[in-house]
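Engineer:
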Amino acid sequence: QLQLQESGPGLVKASETLSLTCTVSGGSINSNNYYWGWIRQPPGKGLEWIGNINYGGTTYYNPSLTGRATISVDPSKNQFSLKMTSVAATDTAVYYCARRWSPQNRAYFDSWGQGILVTVSS
Amino acid sequence: DIQMTQSPSSVSASVGDRVTITCRASQDISIWLAWYHHKPGKAPKLLIYAASKLQTGVPSRFSGSGSGTDFTLTINNLQPEDFGTYYCQQANSFPAIIFGPGTKVDFK
Numbered sequence: 001q002l003q004l005q006e007s008g009p010g011l012v013k014a015s016e017t018l019s020l021t022c023t024v025s026g027g028s029i030n031s032n033n034y035y036w037g038w039i040r041q042p043p044g045k046g047l048e049w050i051g052n053i054n055y056g057g058t059t060y061y062n063p064s065l066t067g068r069a070t071i072s073v074d075p076s077k078n079q080f081s082l083k084m085t086s087v088a089a090t091d092t093a094v095y096y097c098a099r100r101w102s103p104q105n106r107a108y109f110d111s112w113g114q115g116i117l118v119t120v121s122s
Numbered sequence: 001d002i003q004m005t006q007s008p009s010s011v012s013a014s015v016g017d018r019v020t021i022t023c024r025a026s027q028d029i030s031i032w033l034a035w036y037h038h039k040p041g042k043a044p045k046l047l048i049y050a051a052s053k054l055q056t057g058v059p060s061r062f063s064g065s066g067s068g069t070d071f072t073l074t075i076n077n078l079q080p081e082d083f084g085t086y087y088c089q090q091a092n093s094f095p096a097i098i099f100g101p102g103t104k105v106d107f108k
């Protein structure tokens, strides 16, 4: 059974860079069939898509993040990572990693991690 | 950009009830809509994709319908494990993935 697990610091200072890693187990990240994504949920708010990557490194991002997010992949470790620069209090959220599944060339997230709370402190 | 809205924002129900949640897109998204269930501290779960297709392992008390701009998620015979927040997600405007604001289902 596929499992995804987020890891990284739970506290980041404002203006610094948030760095998270997602470790995939029970399946290989080396698949043409899937992309791997990050989604976040600020406290009391809904889900916001951050971006996706495939094992070859092709990425897509939410334009609302104005280029602050970078997703990378390490197939040798079955991991993918998120870096977000110049964080502010509005970046405080639970961050989820997930597998993007694309039946009929449409994008859905069919497997998710438990999430990790990242708090941005001033 | 496509905007997603959901109604109601919250609903109180009892075990055994039928619950209906509506999702509306700001433009035609054909059938390209998914529904997720999210409980606090847990991983969100994909319930339905392509508006009406039940994801593997999801109980048949969940059903989805709709096309174009208006979609519905129906939960028949609500069970204790069904409480939580339900999100719709549009899958029409690749690669953008946009979620609705959520509908919270709690105990009456």
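Those protein sequence lines, which keep their order, are chains A and B.
Using the numbering used here, read the first sequence as starting at 1 and increasing by one per residue.
Using the numbering used here, read the second sequence as starting at 1 and increasing by one per residue.
Heads up, the beta-carbon is just placed ideally off N, CA and C, and yes, glycines get one too.
All figures in this text were calculated on a predicted structure; none of them were measured in a lab.
#1: For chain B, is any of its Cβ atoms less than 7 angstroms away from the one on tryptophan 112 of chain A?
#2: Buried or exposed for leucine 2 of chain A, please, with buried defined as at least 16 other CB atoms from any protein chain shown within 10 angstroms of its CB.
#3: Taking 6 angstroms as the limit between beta carbons, can you name the residues of its chain near glutamine 79 of chain A, skipping five residues before and five after?
#4: Return helix, strand or coil for leucine 65 of chain A, following the three-state DSSP convention.
#5: Go ahead and label leucine 47 of chain A buried or exposed: buried means 16 or more other beta carbons lie within 10 angstroms of its beta carbon, across all protein chains shown.
#6: Can you name the start and end residues of the beta strand (DSSP E) that cysteine 36 of chain A belongs to?
#7: Secondary structure at glutamine 104 of chain A, three-state DSSP: helix, strand or coil?
#8: Got a sec? Which residues, its chain only, sit under 8 angstroms from lysine 16 of chain B by beta carbon, not counting five neighbours each side?
#9: Just to confirm the assignment, what range does the beta strand (DSSP E) spanning aspartate 106 of chain B have?
Structural biologist: Quick look at the numbers:
#1: Along the first sequence, read from residue 1 onward, the residue named residue 112 of chain A stands at position 112. Yes, contact with chain B.
#2: The sequence position of residue 2 of chain A within the first sequence is 2, counting from 1. By the Cβ-count criterion, leucine 2 of chain A is exposed, with fewer than 16 other Cβ atoms from all chains shown falling within 10 Å of its own Cβ.
#3: Taking the first sequence and counting its residues from 1, the one referred to as residue 79 of chain A is at position 79. Taken in chain order, the residues that qualify are Thr21 and Thr23.
#4: Within the first sequence, numbered from 1, the residue matching residue 65 of chain A stands at position 65. Looking at leucine 65 of chain A - three-state DSSP - the assignment turns out to be helix.
#5: The residue labelled residue 47 of chain A in the question sits at position 47 within the first sequence. Leucine 47 of chain A comes out buried.
#6: For the purposes of this step, residue 36 of chain A is taken as residue 36 along the first sequence, with counting starting at 1. In the sequence on display, residue 36 of chain A carries tryptophan and not cysteine. That run of the beta strand (DSSP E) goes 34 to 41.
#7: Here residue 104 of chain A refers to the residue found at position 104 when the first sequence is read from its first residue. Correct three-state label for glutamine 104 of chain A: helix.
#8: Counted from its first residue, the second sequence places residue 16 of chain B at position 16. The sequence shown places glycine at residue 16 of chain B, rather than the lysine named in the question. Cβ within range, chain order: Asn77 and Leu78.
#9: The residue you call residue 106 of chain B lines up with position 106 of the second sequence. 103 to 107 is the span of the beta strand (DSSP E), which, as asked, contains aspartate 106 of chain B.
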